Amino acid sequence: MTDMIDVLIVGGGGAGLRAAVAVAETDPALKVAVVSKVYPMRSHTVSAEGGAAAVIGLGDTLDEHCYDTISGGDWLCDQDAVEAFVAEAPRELIQLEHWGCPWSRERDGRVAVRPFGGMKKMRTWYAADKTGFHLLHTLFQTTLKYQDIIRYDEWYVTKLVVDDGRVHGVVAVEIRTGRVETIPARTVVLATGGCGRAFPFTTNAAIKTGDGMALAYREGAPLKDMEFVQYHPTGLPFTGILITEAARAEGGWLINKDGYRYLQDYDLGTPTPEPTLRSMELGPRDRLSQAFVHEQRRGRTADTPYGPVVYLDLRHLGEEKIEHRIPFVRELCRSYQNLDPVSDLIPVRPVVHYMMGGVHTDLDGATTVAGLYAAGETACVSINGANRLGSNSLPEILVFGRRAGIAAAEFARSHREAEPAAVHSQGEDERRRLARAREGGGNGGRIADLREEMQHTLEGAAGIYRSGDVLAKAADTLAGLRERAEEARVEDGSTTFNTELINLLELHAMLEVAQTIVACALNRRESRGAHQRTDHTDRDDAAYLAHSLVHRAPDGTPSVGLLPVTITRWAPGERVYGRD
Amino acid sequence: MTDSAETPVIRMEVARYRPGEDAEPVFQAYDVPLMDDWAVLDGLTHIKDRLDGSLSFRWSCRMGVCGSCGMTVNGEARLTCGTFLTEYAPGPVRIEPLKGFPVIRDLVVDIDDFLAKLSSVRPWLVREGEEPPLTAEYAQTPEQLEAYKQYSMCINCLLCYSACPVYVLDPDFLGPAAIALAQRYNLDSRDMDDRFDVLNLEDAVWGCTFVGECTKVCPKHVDPAEAIQRYKVSAALRSVLPWSRR
Ligand SMILES: Cc1cc2nc3c(=O)[nH]c(=O)nc-3n(C[C@H](O)[C@H](O)[C@H](O)COP(=O)(O)OP(=O)(O)OC[C@H]3O[C@@H](n4cnc5c(N)ncnc54)[C@H](O)[C@@H]3O)c2cc1C
Ligand code: SF4
Ligand code: FES
């Protein structure tokens with residue numbers, strides 16, 4: 012048992028590290044710790060490419076960023092959260108600049124901005140096309156300055172200790188030694204990222220397995236808007252590696268197998284040689300991914316061993332622009348797809364990219380469990396509604412990471428009571444459970460087989476288009492899979508760096524989250540943003556201008572309700588792209 | 007996609023080491039499909055998923071940016087997610103942990119030494135005086151950005167340490183990536199430090215014998231060897247002209 016931590020942050024990505032610095036700056040006397048299953052600089056934020064949105068002048072206004080975000084989210088965003096987000100995003104990006112982030116620059120030394128999908132103004136800050144990489148390393152290196160931040164690198168949190176509606180710490184495994192420890196804490200901030208790995212084809216790193224969502228959900232905190240899964244329109248066909256939207260912002264075209272810019276057929280505007288904001292290739296991701304499915308049905312996609320594709324054409328941009336603005340795109344195409352975008356078309360198809368849903372929080376990241384906070388992709392505040400706009404996530408993790416850190420620090424300062432006995436007993440129970448999982452080695456299926464079955468079930472039922480009967484069947488399949496996963500075979504009995512055990516725990520988390528995705532999708536009998544039902548094709552504001560809120564029932568099944576959306580100044584309207 | 011009758015296979019000889027069980031590393035051979043678009047890492051995940059769940063290795067992004075998957079492939083330090091298996095056809099191909107680091111298990115090495123070294127070079131922007139309000143950025147022209155940009159591209163994969171003949175003999179040597187990252191800040195027009203106290207040491211820049219292996223293996227073209235040479239020049243200048251910086 013270790014000393015009581017004031018603010019224990021689970022996750023060392025952008026949200027977690029920003030929260031850690033916020034706590035350290037708010038009150039240096041507080042004990043703050045970051046627990047992460049990978050070294051912080053390996054967190055998935057490192058993969059973000061295109062940029063981070065924040066109003067920086069140039070004829071732009073906060074209201075316009077709000078409007079783009081809210082209409083992009085098909086009016087499911089909480090508008091008070093969006094207003095707070097948009098107002099604080101600029102100072103967060105400037106803060107990163109003051110910490111050394113190598114943002115790309117204009118000739119006169121100001122930070123440069125680029126267009127991005129669904130944004131009516133140029134407001135996306137970028138560090139070439141490795142924005143997340145630079146942002147994360149800048150943040151990580153800056154945290155090294157705060158030597159009092161305690162780090163638990165390569166520790167995997169398996170459980171939150173919650174007693175009487177209040178969090179008291181976590182149980183975690185030190186991966187290197189297999190040691191299971193209970194870490195008592197006055198507050199816990201979940202910053203564990205998304206859950207793309209629950210799907211077969213994703214841009215997400217191996218570590219994105221929804222752990223934080225499952226941890227909170229199991230302890231009674233509801234998840235919100237889980238049916239909204241973002242497909243990004245341009246993934247490389249075999250690996251799922253993302254080709255950033257910045258490639259289209261710099262002028263890239265999406266063409267079908269006949270070389271035709273097909274988006275013009277889907278109410279996204281008329282093609283122009285130069286990119287037009289909020290139009291064609293710079294439409295929102297949900298609409299672009301849906302257009303792909305229609306192209307496929309019309310037989311206008313090309314076939315590859317890894318499924319149908321369309322093409323991203325960057326050739327007309329020329330080598331110099333590609334090298335200068337999107338060098339990583341070129342590097343990824345060359346090293347992972349054996350082609351050069353300067354002279355070749357890039358085959359792409361929609362790929363699971365981002366979870367709009369997550370742990371239900373208020374504007375300060377507080378969940379319904381006292382002392383438990385969540386921020387970043389694992390949380391749902393919600394600013395993303397039914398469809399996130401590209402480049403809103405990086406500023407989101409900073410704005411709400413900081414807010415959650417400050418709120419947790421405040422809570423820790425005002426709640427100084429000693430830990431209850433439950434901490435010890437829950438820790439012991441968890442230790443025994445983990446030992447059984449590792450030593451028992453069930454006789455059920457292989458972890459990888461169960462995982463694949465889950466992934467294909469989700470893709471089949473909760474993909475770009477959904478329908479009630481397929482979703483209902485998927486709910487049964489997932490329930491069965493959950494039982495079988497209890498008996499999954501673990502071949503590795505070692506306590507040293509046992510990644511098979513971690514894979515099993517991640518599978519359990521993903522199954523839990525998968526069930527909530529399907530349950531929420533089944534419950535929402537309308538089409539909105541990234542959630543498109545073939546059996547309920549219209550948006551239905553009368554019934555569903557509301558968040559889905561999913562609780563875990565005592566028998567472990569998801570139970571879905573609705574929560575009204577907060578509207579401040581923007582009445583729900585039609586989403587218009589490519590025509591003014 | 008896998009295991010059809012016609013798919014050729016390649017033999018992967020993988021170093022296994024389980025403390026408490028193996029006295030020393032042993033090689034275990036696995037046959038995996040030799041697919042055109044598979045990286046070495048895909049071969050390893052195939053082994054873990056299909057053949058032997060007990061094999062341990064690190065990976066995450068599978069796009070060459072998280073820095074987790076460095077290993078020794080046929081004797082060379084490589085990022086396994088960015089190295090095609092076909093490069094080693096018809097095989098066999100040997101996979102070992104990164105050399106120069108203590109092995110924790112199988113292909114997983116202990117990198118805590120690097121993290122301590124990274125912290126020691128103050129890898130953050132050092133400024134004097136109060137931080138200005140968060141209403142405006144520090145100006146930096148594209149040329150000023152270019153001056154350090156290359157050194158900011160380091161993904162901490164540690165291939166350079168693994169390849170460095172000095173580090174292998176002298177674990178106290180600060181090493182290529184930590185020095186390159188110190189230079190990343192030294193050359194940043196917004197930074198006001200020169201990290202002389204931690205760089206101008208026998209175990210820091212002066213330990214480098216300019217073999218240049220680090221630059222050769224670096225998958226991100228950081229060129230740590232150049233970073234070190236440039237610092238030697240400015241450190242030498244500084245001892246002649248004590249007031250000059252950089
Ligand atoms: C390829 C790609 C490109 C993107 N590009 C952009 C972009 O250009 N602009 C933009 O705005 N957004 C982009 N995004 C989205 C954005 O990068 C992510 O939403 C964001 O980085 C998430 O940050 P996070 O801090 O919430 O989580 P992450 O960075 O994913 O960090 C999660 C952390 O939690 C830890 N963790 C998880 N589970 C556990 C556990 N059980 N125990 C201990 N630790 C745990 C992990 O170790 C990690 O440190 C992109 C996403 C992808 C996939
Ligand atoms: S300098 Fe290059 S080889 Fe060394 S850690 Fe950085 S990226 Fe890897
Ligand atoms: S898996 Fe991230 S660099 Fe290879």
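Taken in order, these protein sequences are the chains called F and E. Just so you know, we're using the numbering used here here: the first sequence kicks off at 12 and counts up by one. Just so you know, we're using the numbering used here here: the second sequence kicks off at 7 and counts up by one. The beta carbon of each residue, even a glycine, is placed where N, CA and C say it ideally should be. Values in this document were obtained by computation on a predicted structure and should not be read as measured data.
Under the three-state DSSP convention, the category residue i falls into
i	result
residue 165(F)	coil
residue 527(F)	helix
residue 273(F)	helix
residue 570(F)	strand
residue 212(E)	helix
residue 136(E)	coil
residue 223(F)	helix
residue 170(F)	strand
residue 279(F)	coil
N- and C-terminal bounds of the alpha helix (DSSP H) containing residue i
i	result
residue 468(F)	458-472
residue 202(E)	202-205
residue 234(E)	230-246
residue 82(F)	73-83
residue 333(F)	329-336
residue 150(E)	148-155
Residue of the options minimising C-alpha distance to residue i
i	options	result
residue 121(E)	118(F), 158(F), 185(F)	158(F)
residue 113(F)	132(E), 125(E), 146(E), 115(E)	146(E)
residue 528(F)	427(F), 360(F), 369(F)	369(F)
residue 3(E)	14(E), 38(E), 220(E)	Residue 3(E) falls outside the range modelled here, since chain E spans only 7 to 252, and no answer is possible.
residue 279(F)	424(F), 58(F), 496(F), 295(F)	295(F)
residue 215(F)	379(F), 364(F), 491(F)	364(F)
residue 271(F)	128(F), 535(F), 292(F)	292(F)
residue 179(F)	367(F), 15(F), 314(F), 523(F)	15(F)
residue 119(F)	49(E), 151(E), 17(E)	151(E)
residue 98(E)	107(E), 133(E), 14(E)	14(E)
Run of the beta strand (DSSP E) containing residue i, from where it starts to where it stops
i	result
residue 411(F)	Per DSSP, residue 411(F) belongs to no beta strand (DSSP E); it is in the alpha helix (DSSP H), 404-425.
residue 315(F)	313-315
residue 33(E)	32-39
residue 323(F)	318-324
residue 110(E)	109-111
residue 562(F)	557-563
residue 196(F)	191-201
For residue j and residue i, the rounded distance between their alpha carbons
i	j	result
residue 541(F)	residue 557(F)	15 Å
residue 91(E)	residue 572(F)	49 Å
residue 587(F)	residue 52(F)	39 Å
residue 372(F)	residue 229(F)	16 Å
residue 80(F)	residue 98(F)	13 Å
residue 9(E)	residue 80(E)	Because residue 9(E) sits at a pLDDT of 48, beneath the cut-off of 50, its placement in the model cannot be relied upon, and the point is left open.
residue 64(E)	residue 493(F)	26 Å
residue 381(F)	residue 25(F)	24 Å
residue 383(F)	residue 222(E)	47 Å
residue 71(F)	residue 173(E)	52 Å
residue 41(E)	residue 87(E)	14 Å
residue 167(E)	residue 46(E)	21 Å
residue 221(F)	residue 35(E)	34 Å
residue 149(F)	residue 60(F)	15 Å
residue 212(F)	residue 347(F)	16 Å
Buried versus exposed, by CB contacts within 10 Å (16 or more), residue i
i	result
residue 509(F)	buried
residue 92(F)	buried
residue 135(F)	buried
residue 245(E)	exposed
residue 243(E)	exposed
residue 284(F)	exposed
residue 2(E)	Since the first and last residues shown for chain E are 7 and 252, residue 2(E) lies out of range.
residue 403(F)	buried
residue 57(E)	exposed
residue 582(F)	exposed
residue 483(F)	exposed
residue 179(E)	buried
residue 591(F)	exposed
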